[in-house]
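Report on the structure given below.
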Amino acid sequence: MEKRKPTYDLGSFQDAARRGEVAVTRTAAQAAQRLGFDYDGMMAVIESMNRRHFYKSMTAYADNAAWQDVYHVPTSAGILYVKFMAGRISAFDLLSFKEK
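Residue numbers for the sequence shown follow UniProt numbering, so the first one is 1 and each next one is one higher.
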């Protein structure tokens with residue numbers, strides 16, 4: 001299922017990133033590394049995100065009650081596909097950080 005309104009407040013996601021309360025999946029970290037982003041670079045991209053970059057909110061494939069927000073974020077490496085959701089242990093989970 002998809003919707004065109006964010007599930008999560010972008011400012012809350014960015015605040016959690018500033019506090020180090022965003023868990024980054026291995027897949028997202030590896031994709032970011034291939035694009036030349038280290039952890040600090042990833043956090044800088046998150047900081048640069050704004051509401052205009054929102055693309056869609058979608059349910060997780062394995063759990064249709066778990067919503068994930070997707071943003072298309074312009075960077076020096078091109079437009080990135082950034083996907084996150086509420087975390088189970090951390091405030092948020094960063095699921096995808098890859099080329100669009």
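Backbone N, C-alpha and C define an ideal beta-carbon position, used for all residues, glycine too.
Residues near residue i in its chain [Cβ-Cβ closer than 6 Å; skip 5 each side]
i	result
Ala17	Met43, Ile46
Met1	Thr59
Gly87	Ala23, Asp93
Val82	Tyr71, Val73, Phe97
Residue i versus residue j: straight-line alpha-carbon distance, rounded
i	j	result
Leu95	Pro6	16 Å
Tyr26	Lys56	Going by the sequence as given, residue 26 is Arg instead of Tyr. Cα to Cα, the separation comes out at about 23 Å.
Arg19	Met85	16 Å
Phe92	Leu35	22 Å
Asn64	Asp9	20 Å
Phe54	Lys100	13 Å
Lys3	Gly41	29 Å
Ala31	Gly11	24 Å
Tyr39	Glu21	13 Å
Ala77	Phe37	9 Å
Closer than 7 Å: residue i CB and nearest the ligand SAM heavy atom
i	result
Ala66	With respect to small molecules bound, the structure shown includes none, and the ligand SAM cannot be examined in it.
Sequence-distant residues of the same chain with beta carbon closer than 7 Å to residue i, five excluded per side
i	result
Ala66	Thr59, Ala60, Met85
Ala28	Leu94, Leu95, Ser96, Phe97
CB-CB length for residue i against residue j, believed under 8 Å
i	j	result
Arg79	Ala23	The question names Arg, but residue 79 in the sequence shown is Ile. Incorrect: roughly 24 Å between the Cβ atoms, too far for contact.
Contacting residues, own chain, Cβ-Cβ under 8 Å from residue i (five flanking each side not counted)
i	result
Gln14	Ile46, Glu47, Met49
Gln68	Thr7, Ser57, Met58, Thr59, Ala60, Lys83, Phe84, Met85, Leu95
Assess, as a yes-or-no matter, whether the stretch 70 to 79 is touched by the stretch 30 to 50 under the definition of 3 or more beta carbon pairs within less than 8 Å. yes
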